[in-house]
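Residue numbers (my numbering): 19 to 94. For glycine and all other residues, C-beta sits at the position ideal for the given N, C-alpha and C. A short worksheet on the structure shown next.
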Amino acid sequence: MSRDIANLEPPVRWCILLSEKIYAAVNKAKTTEDLEEIIPGLAILIDASEQPIYRPLDNQMQKKYYGKAKQQSSTP
Numbered sequence: 019m020s021r022d023i024a025n026l027e028p029p030v031r032w033c034i035l036l037s038e039k040i041y042a043a044v045n046k047a048k049t050t051e052d053l054e055e056i057i058p059g060l061a062i063l064i065d066a067s068e069q070p071i072y073r074p075l076d077n078q079m080q081k082k083y084y085g086k087a088k089q090q091s092s093t094p
């Protein structure tokens, strides 16, 4: 088991360091062209379609489903 970890550790460390460097550079980028310079061949997909969430108009029904102490999976 420890031999496996010894073999896996260097590439994992390299990926983490690389991702930290890329993350720092990406945060400085202001346009998509800047991102393309940092990460050549980058394909960006932006999902800009918003789906309306219908909430109950009745205040009592809202209390039943929404609030800090309530769970998303509660049943009526």
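Could you check what DSSP says for A43 in three-state terms: helix, strand or coil?
-> Looking up residue 43 in the sequence shown gives position 25. Reduced to three states, the DSSP call for A43 is helix.
Shortest alpha-carbon distance to P74 belongs to which of L35, E38, E68 and Y83?
-> Numbered from 1 along the sequence shown, position 56 holds the residue referred to as residue 74. Per the Cα distances, Y83.
Quick one: give me the first and last residue of the alpha helix (DSSP H) that D52 is part of.
-> Here the question's residue 52 lines up with position 34 in the sequence shown. Counting along the chain, the alpha helix (DSSP H) containing D52 begins and ends at T50 to I56.
Per DSSP, what kind of secondary structure is Y84 in: helix, strand or coil?
-> By one-based count along the sequence shown, residue 84 stands at place 66. It is coil, neither helix nor strand.
DSSP state of A24 mapped onto helix, strand, coil | Taking the sequence shown and counting its residues from 1, one reaches residue 24 at position 6. Correct three-state label for A24: helix.
Output the distance between the C-alpha atoms of C33 and K48, rounded to the nearest integer angstrom.
-> Stepping through the sequence shown from its first residue, residue 33 is reached at position 15. Stepping through the sequence shown from its first residue, residue 48 is reached at position 30. Whole-angstrom Cα-Cα distance: 24 Å.
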